[in-house]
Amino acid sequence: MKNPVFLVGLSTACLAALTLAAPAARGDTFPDRPIKLILPFSPGGNPDTVSRILAQEMGKRLKQAVIVENRAGANSIIASDLVAKAPADGYTLLYTTGSHVINPLLYKSLPYDTAKDFVPVVLVGSTRGQVLVVTPSLPVKTVQDLVKLAKPANSNIPYGSAGIGNTMHLVAEYFNYKAGTHLVHVPYKGAAPAMNAVMSGEVKLAFLNPVSAIEQVKSGTLRAIAVTGSTRFPQLPDVPTVEEAGVAGYEVQGGWQGALAPAGTPPEIVARLNRAFNDALASPALKERLGAMGLDVAGGSPQDMANYLAKETATYTDIMQAARIEKQ
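Residues -24 to -1, 1 to 304 in mature numbering (1 follows the signal peptide of the UniProt record, and there is no 0) are what the sequence shown spells out, letter by letter.
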């Protein structure tokens, strides 16, 4: 008869081995079905375009379809809440932008906890600033023209944004603060509708992501009068920075794009997703394609993204305080 102590010890050892092996096996077999990238914006805007390019490249590397699902509305809150409450299995990711760090600064109450309900996967990239564009019918060719026109309190010049608290909104209000203008905010459900509103003349201007702006500027559909960052864009070498154009102390670097997973997603699955994103972003052809759209590719580890988000939070805290934007 076998020693019962030996059998108990063997069973315990086997259980421990299986427990240790389970995470590795889980990571090795992931994914075994399609992955959803939940996007908080309408189709056609900058993040939509980039996310679809990435989804195609990710699908090749993961051997599974990666599907972009647009869930626009409430300044990204609808999409973020959906992902926060999704199973933490790596099959539902949030592909988001600066609104992710802005919302907890802007709203007194959210249906999720930005700090606790998500884990970073990867920082896809960032832009060097946004482009201040005007509809061609507006008699404005320089920043100083705009300042002169929008200084009076009753000037009522409307600008479009992707929603309340969106980066497009905050950089415009920061412009109002620094330039002493009275531009009037008109929020839309995403950057694409906001850009279309400027093109149609429904609103007179917007601060657009360069990915969205450059093509329209080059075609003459929109007129660029400044960029918000510290340097000019290579694609728009004749367009000055806002500070160069005479608004002292105005500088806002560009927005960012990245992917997050629900909190509790196993680290080995986060690592698998991170590797796939980084493999895609390392492609010279993809870098060139995104670079031509104004996006500087980042990549890196989940911790790199966490560090970046912490810096963004500090930046937008300062901007909101300076522009006197109170929590809603």
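Built from N, CA and C at the ideal position, the CB exists for glycine as well.
Using C-beta distances below 8 angstroms, list every residue in its chain close to residue i, excluding the 5 sequence neighbours before and after it, in chain order.
i, result
"residue 173", "136, 162, 164, 179 and 182"
"residue -4", "Only weak support is given to the placement of residue -4: the predicted model assigns it a pLDDT of 45, under 50, and the question is left unresolved by the model."
"residue 241", "64, 65, 66 and 95"
"residue 231", "73, 74, 102, 103, 106, 143 and 185"
Excluding five sequence neighbours on each side, which residues of the same chain lie with their C-beta closer than 7 angstroms to the C-beta of residue i?
i, result
"residue 35", "41 and 42"
"residue 134", "160, 162, 179 and 180"
"residue 21", "166, 167, 168 and 188"
"residue 298", "150 and 153"
"residue 116", "110, 122, 125 and 201"
"residue 23", "15, 17, 71, 73 and 233"
Which partner residues of residue i appear in the DSSP bridge assignment?
i, result
"residue 101", "233 and 273"
Would you call the CB atoms of residue i and residue j closer than 8 angstroms?
i, j, result
"residue 141", "residue 229", "no"
"residue 97", "residue 209", "no"
"residue 274", "residue 74", "no"
"residue 170", "residue 138", "yes"
"residue 218", "residue 204", "yes"
"residue 103", "residue 186", "yes"
"residue 59", "residue 193", "no"
"residue 70", "residue 236", "yes"
"residue 15", "residue 47", "yes"
"residue 120", "residue 222", "yes"
On the DSSP letters alone, give me the boundaries of the beta strand (DSSP E) that residue i sits inside.
i, result
"residue 85", "No beta strand (DSSP E) contains residue 85, which DSSP labels as neither H nor E."
"residue 30", "Unbroken run through residue 30 is the alpha helix (DSSP H), 22 to 38; no beta strand (DSSP E)."
"residue 46", "42 to 46"
"residue 136", "134 to 137"
"residue 199", "199 to 203"
"residue 14", "11 to 15"
"residue 182", "181 to 184"
Using a Cβ-Cβ cutoff of less than 6 angstroms, which residues in the same chain neighbour residue i once the five nearest sequence positions on both sides are dropped?
i, result
"residue -1", "Confidence at residue -1 is low in this model, with a pLDDT of 44, below 50, so the placement of that residue is unreliable and no value is reported for it."
"residue 87", "57"
"residue 93", "60 and 239"
Along the chain, where does the alpha helix (DSSP H) that runs through residue i open and close?
i, result
"residue 145", "143 to 155"
"residue 284", "278 to 298"
"residue 58", "53 to 60"
"residue 167", "167 to 176"
"residue 253", "243 to 257"
"residue 266", "260 to 268"
**Request:** Kindly confirm or deny that the region 72 to 80 and the region 48 to 64 touch, where touching means at least three C-beta pairs closer than 8 angstroms.
**Result:** yes
**Asked** For the 8 angstroms Cβ check, are there 3 or more pairs between the region 142 to 158 and the region 243 to 253?
**Response** Contact fails: fewer than three Cβ-Cβ distances are below 8 angstroms.
**Request:** Check whether the region 256 to 274 touches the region 287 to 294, counting contact only when three or more Cβ pairs, one atom from each stretch, lie closer than 8 angstroms.
**Result:** no
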